[in-house]
Amino acid sequence: MIDQIKTRKLNADEAAKGLRLSTQAGWNQTISEWNLILNDPASICLCAELDNQVIATAAAIHYSPEFTWVAMVLTDSNFRNRGIGTQLLSNLFDSIGNQHDIKLDATSMGQRVYRQFGFMEEYKIIRFMHSSLAPDFRQNKNIKMASGQDYSYLIQSDKTRFGADRSGFFKWMQIHFSRYTYLITENDEINGFIMGREGKNYVHLGPLIATSITYATKLVEYTLSLHHAQPVIMDVPEYNKELISWLESKGFSRQREFIRMYKNKKENAASLPHHYLIAGPEFG
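The numbering of the sequence shown is our numbering, which starts it at 1 and goes up by one.
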């Protein structure tokens, strides 16, 4: 059967085939997220196909010529533990080459696979979830919804913390989910921002960058007070212990964990404490 599996590029008009796998796995992706990746000319998504059915995927999002994010690594539940995903990753990494700074967020099961390809652990990420938030509007005159002219600041601030230019992702967020993007200011100085998007199962808040835990919690609290109709998830790097304690005090529970891994170069740790929420394993 393995000999009959074909590896090829997943085309821009095949987002539904990827969505089938992420939905089967219980992931939060929507067709819009798949379209964002598949329609990006700089990025690539490979798939394994058997009898005209896509049974595995693996994507490389090229945020810049030197930085690649690996995502959407999925295998149909009926074909797992047969080496299909590992072979697909091997093909993907061959296409990326060794000149890139490559990063990803792995599950504990995937962690063992990525080690085989030379990846190393950087830090743990904890996903927090709350299923039933009560409306509790907290007015804050220092928080406002981001306008179009603010997004250049958001992109540059994120580039400094994340290590790559994610303009395409931010522009997609601006088009589809601007109502989840807020800035907090004091004395005419921007002290942080938060973004969010609606997924298949949850509202996913992140990224969140702020100059202090006080600004970070105010942004989260304000956003939750406005968007409470759906269950909410947030992915928190483990070094943000104050934010973790605050979320747990608000009734958020730990849902799952990821391990950020890297190959070829490690992120500048000095910038990390200001990065309170990541965008999710899909986008880094």
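Ideal placement from N, C-alpha and C gives every residue a C-beta, glycine not left out.
Same chain only: Cβ atoms within 7 Å of residue i, ignoring 5 sequence neighbours per side
i: Gly168; result: Asp40
i: Tyr151; result: Phe170, Gln174
i: Ile244; result: Ile126, Val236
In DSSP terms, what residue i is bridged to
i: Ala60; result: Ile44, Val70
i: Met129; result: Ile233, Ser253
i: Arg166; result: In DSSP, Arg166 forms no bridge with anything.
i: Ala210; result: Gly192
i: Thr7; result: Ala48
i: Met120; result: Tyr262
Beta-carbon separation (whole angstroms), residue i vs residue j, contact threshold 8 Å
i: Pro207; j: Leu277; result: 6 Å
i: Tyr182; j: Ile143; result: 5 Å
i: Leu288; j: Val54; result: This structure cannot speak to residue 288, because the chain is shown only from 1 to 284.
i: Arg127; j: Ile233; result: 6 Å
i: Lys265; j: Asp101; result: 4 Å
i: Leu74; j: Ala56; result: 6 Å
Exposure label - residue i; buried when at least 16 CB within 10 Å
i: Gln156; result: exposed
i: Gln99; result: exposed
i: Pro281; result: buried
i: Glu189; result: exposed
i: Met195; result: buried
i: Thr223; result: buried
i: Pro65; result: exposed
i: Met109; result: exposed
i: Glu33; result: buried
i: Ala229; result: exposed
i: Asn187; result: exposed
i: Met145; result: exposed
Close beta carbons around residue i, own chain, < 6 Å, minus the five adjacent residues each side
i: Asn35; result: Ala15
i: Gln29; result: Ser22
i: Arg256; result: Arg127
i: Asn81; result: none
i: Asn201; result: Asn28
Chain-order list of residues whose beta-carbon lies under 8 Å from that of residue i (same chain, five-residue window excluded)
i: Arg8; result: Leu46, Cys47, Glu49
i: Ser43; result: Ile37, Ala59, Ala60, Ile61, His62
Segment contact, 8 Å Cβ cut-off, at least three pairs: the stretch 247-256 with the stretch 147-162: Between the stretch 247-256 and the stretch 147-162, the count of Cβ pairs shorter than 8 Å is below three; the stretches do not touch.
Any 3 or more C-beta pairs closer than 8 Å across the stretch 122-130 and the stretch 82-95: no
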